[in-house]
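Undergrad: Okay, handing you the structure first.
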Amino acid sequence: MTLTVFILASVITVVLVVCIGWRWTDLKADDRLWARLVSIQPAEPNLFDSSMIAGLPTPAQRYFRFAIKPGTPLYTVAEIFMEGEFGLGNPAEPRYMPMNARQVLGLPHGFVWKMSAGRGVMRISGSDAAEDGESWSRFWLLNLVPLARAGGDSDHARSAFGRYVAEAAFWTPAALLPGENTRWESIDESSSRVTLTHMGMEQAVDLHVGDDGRPHKVVFQRWTNANPAKKFRFQPFGGYLSEFADFDGFRLPTRIEAGNFFETDEYFPFFRVNVTSIRHPAAHPANQ
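The working numbering puts the sequence shown at residues 5 to 292.
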């Protein structure tokens with residue numbers, strides 16, 4: 005082996021070791037946050053009763069009656085398992101790739117979404133996550149090459165907050181029951197707005213429901229730089245909900261289509277998934 009080949013091999017080895025360690029660090033951060041969010045699950049949750057929603061706008065009352073059966077323990081943390089498609093392109097060229105993901109959602113504190121998408125040499129994996137004003141997006145190619153990283157600033161955290169408040173309307177309705185930092189107001193006969201505040205952040209989400217209370221659309225103004233200018237600004241974001249199923253007393257959507265510029269000519273549903281399972285993990289014994 006020549007000296008040049010030896011040096012090149014040594015450099016490649018060092019780079020690989022560094023990348024492996026970096027990826028391991030990302031994975032451990034995901035796991036630690038996941039465990040913290042599970043730990044906020046109420047150990048002995050209250051049971052749902054219609055008196056809890058008295059005084060809410062009529063569409064909001066219909067939503068809660070549809071989404072939560074009487075007597076259901078009000079778990080506010082859920083783990084969601086999903087499969088579907090994730091688009092990296094635009095409406096003209098969506099570039100969908102197959103995806104599997106799992107998520108823990110613990111309003112108001114945060115979430116972790118861990119995904120794997122693509123095939124072969126184009127396999128992408130990583131996570132989006134947020135906790136109490138801190139957030140990150142970290143994605144890797146082949147679990148080895150850093151592909152995209154963002155976070156560590158107020159713009160990213162604000163965008164992440166919008167996402168997981170809206171997703172609570174999908175998957176953790178108990179976390180949106182009236183409270184000190186959660187308020188509901190009427191829009192019209194079929195829609196209500198819920199606004200949540202947490203650690204200086206505020207997000208309003210519009211929930212559209214049918215006559216039976218079934219939520220079929222969630223819309224909000226999201227703080228995001230997903231636009232041609234790559235500048236953070238408010239943009240319409242939203243999703244369509246369908247194919248509901250029962251999970252531990254909650255009736256939740258298992259088909260989600262969502263994207264930027266919702267209900268405009270620029271709408272791109274980059275997120276299209278089917279939920280395969282939702283579970284409500286018990287809090288860690290140390291927190292009970």
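A virtual CB, placed ideally from N, CA and C, is assigned to each residue, including glycine.
Does DSSP put residue 171 in a helix, in a strand, or in coil?
TA: helix
Undergrad: Would you say the stretch 215-231 touches the stretch 66-80, given that touching needs at least three Cβ pairs under 8 Å?
TA: yes
Undergrad: Would you mind giving the Cβ-Cβ distance between residue 124 and residue 81, rounded to the nearest angstrom? I have them listed as a contact below 8 Å.
TA: At roughly 35 Å, the Cβ-Cβ gap does not stay under 8 Å, so residue 124 and residue 81 are not in contact.
Undergrad: Measure the C-alpha to C-alpha separation of residue 264 and residue 149 and round it to an integer number of angstroms.
TA: 27 Å
Undergrad: Starting from the C-beta of residue 100, find all residues in its chain whose C-beta is less than 6 Å away, skip the five residues before and the five after it, and write them out in chain order.
TA: 89, 91
Undergrad: Please state the DSSP three-state secondary structure of residue 242.
TA: strand
Undergrad: I'd like the list of long-range same chain contacts for residue 281, defined as Cβ closer than 6 Å, with 5 residues on each side in sequence excluded.
TA: 85
Undergrad: Report the CB separation of residue 174 from residue 260 in whole angstroms; it is logged as a contact under 8 Å.
TA: 6 Å
Undergrad: Is the beta carbon of residue 209 sitting closer than 8 Å to the one on residue 262?
TA: no
Undergrad: What three-state label does DSSP hand residue 118 in the structure shown?
TA: strand
Undergrad: Considering Cα atoms alone, identify which of 179, 222, 223, 211 is closest to residue 202.
TA: 179
Undergrad: Taking the DSSP output, what are the residues bridged to residue 186?
TA: Residue 186 has 183, 200 as its beta-bridge partners, per DSSP.
Undergrad: Under 8 Å, do residue 1 and residue 120 count as touching if we go by C-beta distance?
TA: With the chain covering only 5 through 292, there is no way to say anything about residue 1.
Undergrad: Out of 243, 21, 253, 183, state which residue places its alpha-carbon closest to the alpha-carbon of residue 223.
TA: 243
Undergrad: At what residues does the beta strand (DSSP E) containing residue 100 begin and finish?
TA: For residue 100, the enclosing beta strand (DSSP E) has its first and last residue at 100-110.
Undergrad: Taking only runs of the beta strand (DSSP E) that begin and end inside the stretch 43-91, which ones reach a length of at least 3 residues, in chain order?
TA: 81-91
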